[in-house]
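In structure tokens form, the structure reads like this:
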């Protein structure tokens with residue numbers, strides 16, 4: 004595997020930087036999507052956790068606390084019930100001690116449509132990120148392969164969504180973030196929010212280029228290729244390389260210069276590693292997530308599942324061994 008490393012001055016792992024600027028863009032906001040309501044204000048952007056199922060307080064709430072603390076954002080929790088419920092009754096309803104919800108701004112919605120209520124709450128509270136867990140016993144959405152609440156949140160939210168899949172362990176820290184790129188500018192837009200989150204949470208960023216041509220397993224092996232992106236400004240790995248020791252480092256340097264600086268903006272104090280994937284993109288992303296012990300995978304989704312990009316997105320979302328942050332474009 005070919006890789007490149009950029010060292011950053013991380014200091015002590017987990018240290019947080021100062022508060023987010025009011026001018027910072029919402030994390031993972033959809034281009035052309037709904038903006039937070041005017042009364043919410045830029046400074047009131049929050050992290051919203053869906054208090055749905057037993058994994059909500061076991062995994063989603065803990066991960067929400069971690070991210071909200073890093074972003075210096077208020078943490079909100081939403082419980083959707085069929086019948087009206089007082090906020091003071093939420094701990095007993097969830098089967099947790101009141102201390103488990105300390106510091107969480109609780110909201111209760113009486114609705115028969117939990118996904119709709121979650122999407123409305125995300126807009127109304129000016130959320131920059133929604134965290135939702137997919138329960139093992141929950142009915143799975145056939146299109147996206149995760150629980151229906153998570154699937155509807157992904158389709159409806161105008162902000163980033165973190166999905167904790169049924170197989171993903173409870174995250175107690177985020178030290179390694181894996182960001183797959185396919186060489187297109189629209190996907191590279193994820194570098195900015197992923198890099199900023201890495202900086203604020205004290206994580207390292209692993210970037211893997213997948214799709215297009217891939218390095219050969221051996222000199223006499225044929226290159227593996229996938230459909231080439233047609234997006235203007237896209238950059239793909241060369242299909243044939245005569246002098247790998249010179250051409251691959253040169254390609255890596257050009258790729259990092261274009262996408263980490265010109266198109267996306269990754270903070271210079273974030274330590275990054277760059278990998279050139281080989282083989283089928285989804286399988287390669289999942290393999291690297293396991294090999295690198297990633298704590299979070301960041302994916303860009305264009306809202307489609309029928310094309311090649313959509314198929315890769317679904318396979319990674321379903322099979323990731325860690326939570327997945329989805330940014331809509």
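Numbering (the working numbering), first residue to last: 4 to 332. Cβ coordinates follow ideal geometry from the N, Cα and C atoms, glycine included.
Beta-carbon proximity of residue i to residue j, cut-off 8 Å
i, j, result
"residue 142", "residue 151", "yes"
"residue 209", "residue 184", "no"
"residue 212", "residue 280", "yes"
"residue 277", "residue 259", "yes"
"residue 332", "residue 192", "yes"
"residue 198", "residue 311", "no"
"residue 130", "residue 48", "yes"
"residue 146", "residue 289", "no"
"residue 196", "residue 88", "no"
Own chain partners of residue i with C-beta closer than 7 Å, once the 5 adjacent residues on each side are dropped
i, result
"residue 84", "111 and 113"
"residue 149", "137, 143, 166, 168, 320 and 321"
"residue 58", "136, 138 and 167"
"residue 202", "20, 270, 272 and 273"
"residue 326", "66, 165, 166, 167, 171, 174 and 299"
"residue 153", "135, 137 and 166"
"residue 179", "206, 207, 209, 295, 296, 297 and 298"
"residue 90", "109 and 111"
"residue 306", "331"
Span of the beta strand (DSSP E) around residue i
i, result
"residue 207", "207-212"
"residue 113", "108-113"
"residue 301", "299-304"
"residue 181", "179-184"
Option in the options with minimal Cα separation from residue i
i, options, result
"residue 71", "91, 177 and 312", "177"
"residue 160", "134, 122 and 187", "122"
"residue 323", "188, 187 and 173", "173"
"residue 116", "86, 102 and 99", "86"
"residue 3", "54, 307 and 199", "Outside the displayed range of the chain (4 to 332) lies residue 3, so it cannot be described from this structure."
"residue 64", "88, 128 and 132", "132"
"residue 297", "316, 328, 94 and 306", "328"
"residue 62", "295, 306, 103 and 257", "103"
"residue 60", "119, 305, 94 and 196", "94"
"residue 275", "253, 194 and 56", "194"
"residue 283", "120, 253, 101 and 316", "316"
8 Å contact criterion, which residue i and residue j should meet: CB distance rounded
i, j, result
"residue 292", "residue 303", "At roughly 16 Å, the Cβ-Cβ gap does not stay under 8 Å, so residue 292 and residue 303 are not in contact."
"residue 52", "residue 134", "5 Å"
"residue 96", "residue 82", "7 Å"
"residue 200", "residue 73", "7 Å"
Same chain, Cβ closer than 6 Å to residue i, neighbours up to 5 away in sequence not counted
i, result
"residue 80", "52, 54, 107 and 109"
"residue 44", "Bear in mind that the predicted position of residue 44 carries a pLDDT of just 31, short of 50, making it unreliable; the figure below should be weighed with that in mind. There are no such residues."
"residue 50", "67, 70, 71, 76, 78 and 132"
"residue 287", "213 and 280"
"residue 56", "138"
Residue interval of the alpha helix (DSSP H) (run including residue i)
i, result
"residue 188", "188-191"
"residue 295", "From DSSP, residue 295 is part of no alpha helix (DSSP H); its letter is neither H nor E."
"residue 200", "194-204"
"residue 311", "311-322"
"residue 96", "93-97"
Same chain, Cβ closer than 8 Å to residue i, neighbours up to 5 away in sequence not counted
i, result
"residue 99", "60"
"residue 124", "51, 79, 81, 110, 112 and 130"
"residue 120", "81, 83, 112 and 114"
Cβ of residue i within 8 Å of any chain D Cβ
i, result
"residue 104", "Of the chains in the structure shown, none is chain D; there is only one protein chain."
Residue i CB to nearest heavy atom of the ligand COA below 7 Å
i, result
"residue 102", "Absence of the ligand COA is noted for the structure shown, with no ligands found whatsoever."
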